[in-house]
Amino acid sequence: MPNQSAELNRVFQALTDPTRRAVIERLGGGSATTSELARPFDMALPSFTQHLGVLEDCGLVASRKEGRVRTYRLVPQPLESAEHWMAEQLRIWERRLDRLDEHLLKMKDKNR
Amino acid sequence: MTDSTHQFDPERDLLLERVVDVSPDLVWRAWTEPEQLKQWFTPRPWQTTGCEIDLRPGGRFVTVMRSPEGEDHRNEGCYLEVVPGQRLTWTSALAPGYRPNSGSNIGDDADLPLTARISIEPAGSGTKYTALVLHANPADRQRHKEMGFHDGWGTALDQLVEWAKQQG
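Each protein sequence line maps, in turn, to chains L and V.
Numbering of the first sequence is given in this note's numbering, commencing with residue 1 and proceeding in unit increments.
Numbering of the second sequence is given in this note's numbering, commencing with residue 113 and proceeding in unit increments.
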């Protein structure tokens, strides 16, 4: 749990920046190279690649280098963390109520 | 938090319903008597070693859970609604006396705060009870922390999650 919420925080942190959000949305349409991603932005390439680094560090994107060209793709997993977290909460509560029901029947026996 | 003020949101809320062959009074006692609650609230090998209940709106609801390694975790919240035998609502977002929790209680490593409502009603010879658990949205929480968050981002995230799902 703690690790998961730290991971979610990193993801949301990465997504606070408009450039990085635009990159994510672009990658939603398919993989792209560094220069393809940088094209729409009026920004020095080193600054832009820093943004890509942040996205890669938190696991939202992954890259592969072939020769001089680095290609980025979106990684769905971090975005699914929120859903996994909810599934975990449901499991915790299901089990808690299982124990409660068991305990209630014991209380009933004692009260007889 | 009555039904008219809350709309169930399947994205971040849980709704569990149980029917059990005991009287409503026992269900109420299991939730409101520390000695009862301690026996079932925490999954083994964890234990509930402490429980404080001040059964009135604003009153404390504290549980202390001990890990198998012997480390204690204190969860402090307060009741919002107490209708004897029928309805019990509490939140971990507020400390006793309705004072907002802050600092370590809502640090990065803490569980997200929750509000829970237990409703109890007779069903035949037994009892039906429901547990409604409301969570903050992790995205909302982060939005409050990040002043640079832009409007419209919610839509982008929705689209993103939708896309992510399709990638399976």
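A virtual CB, placed ideally from N, CA and C, is assigned to each residue, including glycine.
{"Check": "Since valine 195 of chain V meets chain L, which of its residues come closer than 9 Å, beta carbon to beta carbon?", "Outcome": "Near valine 195 of chain V there are no residues of chain L at all, since even the closest Cβ is about 19 Å away, more than 9 Å."}
{"Check": "Out of L:Arg10, L:Gly30, L:Ala87, L:Leu27, point me to the one whose CA is closest to arginine 124 of chain V's CA.", "Outcome": "L:Ala87"}
{"Check": "Compare the Cα-Cα distances from serine 135 of chain V to each of V:Asn187, V:Ala235, V:Arg186, V:Val176 and report the closest residue.", "Outcome": "V:Ala235"}
{"Check": "Only counting the same chain, and skipping five residues up and downstream in sequence, which positions put a Cβ closer than 7 Å to that of alanine 207 of chain V?", "Outcome": "Glu188, Cys190, Asn213"}
{"Check": "Examine chain V for any beta-carbon lying closer than 9 Å to the beta-carbon of methionine 43 of chain L, and answer yes or no.", "Outcome": "no"}
{"Check": "Examine the Cβ distances between the segment 94-109 of chain L and the segment 47-61 of chain L and report whether three or more of them are shorter than 8 Å.", "Outcome": "no"}
{"Check": "Note down, in chain order, every chain L residue with its Cβ under 7 Å from the Cβ of leucine 126 of chain V.", "Outcome": "Gln89, Leu90, Trp93"}
{"Check": "Quick check on the DSSP output: what are the complete beta strand (DSSP E) runs of length 3 or more inside the segment 53-106 of chain L, in order along the chain?", "Outcome": "61-66, 69-74"}
{"Check": "Name the residue from L:His84, L:Cys58, L:Glu66 whose alpha carbon lies nearest to the alpha carbon of leucine 74 of chain L.", "Outcome": "L:Cys58"}
{"Check": "Counting contacts by CB-CB distance shorter than 9 Å, is leucine 37 of chain L in contact with chain V?", "Outcome": "no"}
{"Check": "Using a Cβ-Cβ cut-off of 9 Å, state whether histidine 103 of chain L counts as contacting chain V.", "Outcome": "yes"}
{"Check": "With distances taken between CB atoms, is the gap from valine 194 of chain V to threonine 203 of chain V smaller than 9 Å?", "Outcome": "no"}
{"Check": "Taking only beta-carbon positions, decide if valine 134 of chain V is within less than 9 Å of chain L.", "Outcome": "yes"}
{"Check": "On the DSSP bridge list, what partners appear for leucine 244 of chain V?", "Outcome": "V:Leu127, V:Arg229"}
{"Check": "Do you know offhand how far phenylalanine 12 of chain L's Cα is from leucine 55 of chain L's?", "Outcome": "10 Å"}
{"Check": "Please report the straight-line C-alpha distance between isoleucine 92 of chain L and glycine 162 of chain V, rounded to a whole angstrom.", "Outcome": "20 Å"}
{"Check": "Flag arginine 64 of chain L as yes if its beta-carbon sits less than 9 Å from any beta-carbon of chain V, otherwise no.", "Outcome": "no"}
{"Check": "Applying a beta-carbon distance threshold of less than 8 Å, which residues of chain L neighbour glutamine 151 of chain V?", "Outcome": "His103"}
{"Check": "According to DSSP, is tryptophan 202 of chain V helix, strand or coil?", "Outcome": "strand"}
{"Check": "Here's the rule I'm using: 16 or more other beta-carbon atoms within 10 Å means buried, otherwise exposed. How should tyrosine 241 of chain V be labelled?", "Outcome": "buried"}
{"Check": "Within 10 angstroms of its Cβ, does phenylalanine 153 of chain V collect 16 or more other Cβ (buried), or is it exposed?", "Outcome": "buried"}
{"Check": "Roughly how many angstroms lie between the CA atoms of serine 31 of chain L and threonine 71 of chain L, to the nearest whole one?", "Outcome": "7 Å"}
{"Check": "Taking leucine 52 of chain L as the query, report the chain V residues whose CB atoms sit under 9 Å from its CB, ordered along the chain.", "Outcome": "Under the 9 Å cutoff, chain V gives no residues; its nearest Cβ is about 17 Å from leucine 52 of chain L."}
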